[in-house]
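K.L.:
Mind looking over this structure? Questions follow.
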Amino acid sequence: MRPALIVLAEDPASGVPRLTDDPDAADTLLARTLELARAVGGVGRVLLFSPPEAETSLTSRSLGFRLWPADGATHGARYASAFRQAGELGYEGALVIGLDMPTIAPDRLTEAATLLEDHQGVLVPGEDGRVAALGLQGAEPTLFPPGPDLPDVEGLRTRARQQLVRLHELEPHPTLTAPTLADYLSMAAAG
168 MRPALIVLAE
178 DPASGVPRLT
188 DDPDAADTLL
198 ARTLELARAV
208 GGVGRVLLFS
218 PPEAETSLTS
228 RSLGFRLWPA
238 DGATHGARYA
248 SAFRQAGELG
258 YEGALVIGLD
268 MPTIAPDRLT
278 EAATLLEDHQ
288 GVLVPGEDGR
298 VAALGLQGAE
308 PTLFPPGPDL
318 PDVEGLRTRA
328 RQQLVRLHEL
338 EPHPTLTAPT
348 LADYLSMAAA
358 G
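Position 191 (the sequence shown) corresponds to 358 in my numbering; numbering is contiguous.
The structure is reproduced here in structure tokens:
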């Protein structure tokens, strides 16, 4: 089984949803997240992007990734569609991350991807209640409520129980938030 590691990216010129509107900060987060994804073993790498016009600005940065437009009008819809798109692209499951978790260790993502062989889903919660990474063996559209945002960890757990989707949960990961973003960017700039 070879799952996709999907990096879900909005156009850096628009910032990163729920984190920053600053294009320079978004560009740094994109670069760090792609670097992180390249270090994850045993996966195919896909960069799902939105809007479609972002393709030209992302092409030169997508070495080692399949560059593909994300389906969906909102961030939440694009996240939910990523699992279906992974299947359409020929992968057996997907592990999805956004640009807001560039500090997660590649080994943790490799572990999560490996666990997909034996588990219907794998969840890496963020310490603030957001989803740091979510892996599913296949598309599970009922896990995602309609609306513009993705569910928080508790909402995802509840919907998984209701839909009989078994999620293997890993330890929470420290979350990058708007207040901690400046410190992270300073450390990233320092090397």
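Idealized CB from N, CA, C, for every residue including glycine.
Only a predicted model underlies this, so the values are computations on that prediction, with no experimental measurement involved.
Is the shortest distance between the beta-carbon of GLU202 and the beta-carbons of chain D less than 8 Å?
P.N.:
This model lacks chain D altogether; it includes just one protein chain.
K.L.:
Let's see if you can read the secondary structure: which residues bound the alpha helix (DSSP H) around VAL289?
P.N.:
On the sequence shown, position 122 is the one that residue 289 refers to. Taken as a continuous stretch (DSSP letters only), VAL289 belongs to no alpha helix (DSSP H), being part of the beta strand (DSSP E) at 288 to 292.
K.L.:
Who are ARG233's beta bridge partners in DSSP?
P.N.:
As a position in the sequence shown, residue 233 is number 66, starting the count at 1. According to DSSP, which records beta bridges pairwise, ARG233 is partnered with VAL213.
K.L.:
On a CA-only basis, which of ALA180, ARG205, TRP235 and VAL298 is nearest PRO341? Give me that one, please.
P.N.:
Taking the first residue of the sequence shown as 1, we reach residue 341 at position 174. Minimum Cα distance to PRO341 is reached at VAL298.
K.L.:
Which of helix, strand or coil does DSSP assign to GLU259?
P.N.:
Residue 259 sits at position 92 when you count from the first residue of the sequence shown. In this structure, GLU259 counts as coil in the three-state DSSP scheme.
K.L.:
For LEU214 versus LEU234, is the C-beta spacing smaller than 8 Å?
P.N.:
The residue labelled residue 214 in the question sits at position 47 within the sequence shown. The residue labelled residue 234 in the question sits at position 67 within the sequence shown. It is a contact, given that the beta carbons lie within the stated cut-off.
K.L.:
I need the DSSP call for ALA171, collapsed to helix, strand or coil.
P.N.:
Counting from 1 along the sequence shown, the entry for residue 171 is found at position 4. Here ALA171 sits in strand by DSSP.
K.L.:
Measuring only the C-alpha atoms, how far is ASP191 from ALA171?
P.N.:
Here residue 191 is taken as the residue at index 24 of the sequence shown, counted from 1. Here residue 171 is taken as the residue at index 4 of the sequence shown, counted from 1. Approximately 27 Å, taken between the alpha carbons.
K.L.:
If you drop the 5 nearest sequence neighbours on each side, which residues of the same chain put their C-beta closer than 7 Å to that of ARG199?
P.N.:
Here the question's residue 199 lines up with position 32 in the sequence shown. For ARG199, where only same-chain residues beyond five positions count, the Cβ hits under 7 Å are PRO269 and ALA355.
K.L.:
SER129: buried (16+ other C-beta within 10 angstroms of its C-beta) or exposed?
P.N.:
In the structure displayed, the chain extends from 168 to 358; residue 129 sits before or after that span and is not available.
K.L.:
Under 8 Å, do ALA306 and VAL210 count as touching if we go by C-beta distance?
P.N.:
The residue given as residue 306 occupies position 139 in the sequence shown. The residue given as residue 210 occupies position 43 in the sequence shown. In this structure, VAL210 does not lie closer than 8 Å to ALA306 by Cβ.
K.L.:
If you follow the beta strand (DSSP E) that GLY305 is part of, which residue opens it and which one closes it?
P.N.:
One-based indexing of the sequence shown puts residue 305 at position 138. Unbroken run through GLY305: none, as it is neither H nor E.
K.L.:
Under the assumption that PRO273 contacts ALA206 (Cβ atoms under 8 Å), give the Cβ distance between them as a whole number of angstroms.
P.N.:
Taking the sequence shown and counting its residues from 1, one reaches residue 273 at position 106. Taking the sequence shown and counting its residues from 1, one reaches residue 206 at position 39. That pair is a contact at about 4 Å.
K.L.:
Cβ of ALA359 within 8 Å of Cβ of SER224?
P.N.:
Within the shown structure, residues of the chain are numbered from 168 to 358, placing residue 359 beyond reach of any answer.
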